[in-house]
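Respectively, the protein sequence lines represent chains A and B.
All residue numbers for the first sequence refer to this note's numbering, where the first residue is 1 and numbers rise by one.
All residue numbers for the second sequence refer to this note's numbering, where the first residue is 393 and numbers rise by one.
C-beta: ideal position from N, C-alpha, C; glycine also.
On a predicted model such as this, the values are computed, not experimentally measured, just so you know.
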Amino acid sequence: MRKITALFAMLAFAAAPAFAQDAGWETQGLTDDSITIGVMGPFSGNASSYSKAMVGMMAYYQKINDEGGVHGRKLVAVQEDTACDSAKGLAAAKKLISQDQVFMLQGNSCSGVAVALRPVVEESGIPWIVAQAVSDSISAPLARNIFHGVPTGSANGRAMASFVLSKPDTKNVAIIEHSNDWAHSYSDPAKEYLKEQGITPSLELTMERGQTDATAQVLQLREAKPDFIIAALYEAETAIFLKDLKKYGLGEIPVMGTAGTDLENTLKRTGDFDTVKNYFVIHSYVDNLDGPKMEKWADMIKKYYPDEELSTFSFVSIGSAEALVSALEKIGPDLTRSKLIAALEEVRDFDTGILSDPITWTPEDHQGVKGSAVAGFVDEKPTVLKAWGQPY
Amino acid sequence: MKMPTARQRRLRTILFWAVPAILLLVPLGTNAYTQFIVNGMLISTLVTLGFTIVIGNLGQLAFANTAFFGIGAYGSAILAAKLGVPWLLTIPIAGVFGAAGGFLASAAALRGIRSYYLAIITLAFGELMRWSYLHAKPLTGGTDGLPMPRETLFGTSLTDDTVKFYVFLVVTVLLVKATANLLASRFGRAVMAVRENEVATASLAIPTSRVILVTFIWSGFVVGCAGALFARHIGHVFPESFGMLHLIASFAMVLVGGLGSVLGAVLGAVMLTALPEYLRAFPGMEELFFGLIVAAVLVALPMGLASLLRRLSPIFVERFYREAR
């Protein structure tokens with residue numbers, strides 16, 4: 001008996017460091033007065049303009065810190081560059097996780113990088129809130145520690161189709177898109193939604209990137225006479241398409257564009273209001289960027305980043321940062337990674353006041369934002385809409 | 393350039409095997425991040441090595457290196473993800489795919505196309521391959537890329553950077569040694585002769601076409617194997633990993649290390665893989681500092697870092713090596 005007891009004692013002694021490590025892992029990156037958060041983004045390289053997407057979130061952290069932090073803990077961001085490159089992004093993630101030992105991760109533009117990071121972050125078990133990248137495969141299939149805090153590609157695609165069908169008597173829908181995955185990420189879920197509603201697109205057209213004329217496509221559309229057109233095109237091609245629509249007398253047909261185009265930028269490109277008067281785009285916010293509901297967020301960013309030139313991207317990560325702070329507050333001072341994951345899974349219909357749709361994370365579904373508003377010109381003014389003719 | 397004595401050559405052989413033996417201990421002092429960077433250095437070494445033997449040793453301005461790399465990476469990923477071939481087995485097969493790419497790329501050179509024209513044709517080959525990765529969606533996953541399946545090796549997950557390190561090290565050491573031996577052989581002398589004067593070489597009854605063909609194929613094999621390692625290193629293969637930026641980075645590694653030098657390929661790869669990681673401390677300024685450092689090295693050492701070591705001791709002088717003019 002004594003030998004068995006001694007054996008168990010030895011085993012317990014040998015296993016003690018492992019248990020100690022587990023306990024340490026839960027609170028890694030935490031001190032009495034700080035929570036370190038790894039923030040990854042493309043701060044260099046071709047896609048560095050997307051790093052603007054980090055600004056809103058960082059400004060929100062600073063606002064919370066100025067208000068005393070969360071249960072006395074300041075949110076300390078540790079920034080790492082991914083350069084929108086999967087190898088560099090993986091290095092950044094591994095550095096944050098194993099060297100900087102941050103408590104959690106938030107951020108990441110560039111879906112390709114985020115998809116490549118997923119296995120590493122999933123294996124590490126540390127909470128990660130994806131605050132910008134939209135690819136569905138970052139957060140599906142479900143990974144217990146990965147949460148999506150912006151509308152995913154499929155949510156946006158479905159929102160596009162839903163808006164199209166909200167126009168009374170819409171039966172005939174045509175689709176024009178680029179032949180790339182970016183376009184398919186919008187058009188496939190849109191088609192799926194239309195199919196669920198018993199509608200098959202009357203025409204599916206392709207317009208290649210860099211194409212400078214859409215006459216062939218427009219002539220086919222003239223034959224099909226659609227009630228609505230879904231256009232998954234980049235901004236430059238959208239402008240060409242809209243100009244050709246007007247040129248061939250189809251300017252009255254409404255066109256639904258993606259989140260990849262901006263309403264006013266498209267107007268600048270066409271230089272003719274008549275071409276965009278019936279153009280609508282996915283818009284994830286509750287108001288226009290210069291609207292009254294966005295003012296406090298714009299002021300917040302300006303306060304902490306006075307040189308920042310505001311764009312659509314500047315605001316995208318604020319909503320998920322709010323949801324994070326709310327979850328941290330609910331947990332109380334006794335914070336662990338497991339408690340944070342559990343608290344995030346209890347977020348229900350969280351109104352961020354900036355994203356057009358609330359955030360809901362459940363143990364079964366971590367894609368938190370299920371829809372998006374739409375922006376279009378109403379009385380010649382950019383207006384955020386819930387559905388056809390219904391201002392947000 | 394002073395040539396090494398017989399004793400120094402023996403010492404060089406000992407040194408060659410001592411370095412990887414010491415490297416076996418690296419995982420004892422690394423974390424997941426630093427190990428990942430070290431693994432990246434091994435891959436870059438092979439990529440740079442494959443590149444330098446074509447543009448440095450053979451003297452052909454061919455830029456198909458990134459194409460070979462992509463072919464190897466996608467070859468490995470497709471075999472592993474679609475056909476369930478164990479990743480370890482895909483490494484030599486990816487090398488063969490890369491070699492086939494090398495064979496195709498050599499066609500232009502064999503047709504007598506040289507200099508800038510060869511550069512443009514091989515660049516176009518690289519872009520054509522990238523276009524194929526984007527559009528052959530059922531096979532390559534298109535813009536979404538192709539994830540590598542999760543696998544274990546001797547009971548340990550291949551997501552573990554230490555396990556990957558040992559495989560990468562073995563492959564790298566074998567290919568570096570094989571390339572060094574090839575360049576030190578009669579064939580290597582023929583390669584250098586083609587670079588110096590192709591017509592004069594042909595007049596000596598050396599089959600220059602065969603020399604060009606085999607060099608391209610070997611380059612493709614080495615870089616194709618590197619592609620297979622890269623596929624496992626990242627765990628997900630994307631088309632954008634094989635674009636112009638990668639080519640420029642590899643070219644910089646070749647020049648910084650020393651054009652046409654095996655030792656230079658290793659030094660250039662190690663330095664330019666590590667440097668961006670050190671520059672992480674200067675967010676927003678990384679590209680500026682990186683450019684300045686690379687420019688400074690090239691101004692101070694136009695023949696690359698390897699030339700510095702050659703000046704220190706003849707041990708580092710490679711057989712048949714001639715500085716590119």
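Assign residue i to one of three DSSP states: helix, strand, or coil.
i	result
A:Val78	strand
B:Gly547	coil
A:Tyr285	strand
A:Gln106	strand
A:His178	coil
B:Phe579	helix
B:Met395	coil
A:Phe280	strand
A:Gly257	strand
A:His366	coil
B:Ile414	helix
A:Trp361	coil
A:Phe228	strand
A:Val347	coil
B:Leu596	coil
A:Val316	coil
A:Ile129	strand
B:Val646	helix
A:Arg158	helix
Counting only beta-carbon atoms, is residue i nearer than 8 Å to chain A?
i	result
B:Glu519	no
B:Glu679	yes
B:Ala687	no
B:Pro419	no
B:Tyr713	no
B:Thr600	no
B:Phe460	no
B:Arg624	no
B:Thr551	yes
B:Ser642	no
B:Ser524	no
B:Thr675	It is Pro, not Thr, that sits at residue 675 of chain B in the sequence shown. Yes, B:Pro675 lies at the interface with chain A (some Cβ there is under 8 Å from its Cβ).
B:Glu543	no
B:Ala424	yes
Taking the beta strand (DSSP E) that residue i falls in, what are its first and last residues?
i	result
A:Leu40	Sequence check: residue 40 of chain A is Met here, not Leu. Residues Ser34 to Gly41.
B:His625	From DSSP, B:His625 is part of no beta strand (DSSP E) but of the alpha helix (DSSP H) over Thr600 to Ile626.
A:Ala373	Ala373 to Val378
A:Thr383	Lys381 to Ala387
A:Leu205	Leu203 to Thr206
A:Ile146	Ile146 to His148
Counting only beta-carbon separations shorter than 8 Å, does residue i have a partner in chain B?
i	result
A:Phe43	yes
A:Asn180	yes
A:Pro119	yes
A:Gln21	Interpretation of A:Gln21 is limited by its pLDDT of 47, a score under 50 that renders its predicted location unreliable; the figure taken from the coordinates is listed afterwards. Judged by the 8 Å Cβ criterion, A:Gln21 is not in contact with chain B.
A:Gly376	no
A:Ser98	yes
A:Lys52	no
A:Ala18	At A:Ala18, the pLDDT of 42 sits below 50, so the modelled position is not reliable; the number obtained from the coordinates is stated separately. A:Ala18 does not count as touching chain B.
A:Gln79	yes
A:Gly112	yes
Whole-angstrom Cβ separation of residue i and residue j, contact assumed at under 8 Å?
i	j	result
A:Asn145	A:Glu122	7 Å
A:Met58	A:Ala131	Going by Cβ atoms, the distance from A:Met58 to A:Ala131 rounds to 11 Å, so no, they are not a contact pair.
A:Arg209	A:Glu235	Contact doesn't hold; Cβ gap of about 11 Å is too wide.
A:Val255	A:Asn278	6 Å
Taking 8 Å as the cut-off, decide whether the C-beta atoms of residue i and residue j are in contact.
i	j	result
A:Ser154	A:Pro201	no
B:Gly627	B:Ile463	no
A:Asp81	A:Ala93	no
A:Val316	A:Ala53	yes
A:Val286	A:Ile229	no
A:Ala323	A:Ile359	yes
A:Met160	A:Tyr186	yes
Could you check where the alpha helix (DSSP H) with residue i kicks off and where it finishes?
i	result
A:Phe273	Phe273 to Val276
A:Glu252	That residue, A:Glu252, is in no alpha helix (DSSP H); it is neither H nor E in DSSP.
A:Val115	Ser111 to Ser124
B:Phe428	Ala424 to Thr444
B:Ile485	Trp479 to Leu502
A:Asp299	Pro292 to Tyr304
B:Arg703	Leu697 to Leu704
B:Arg522	Ser507 to His527
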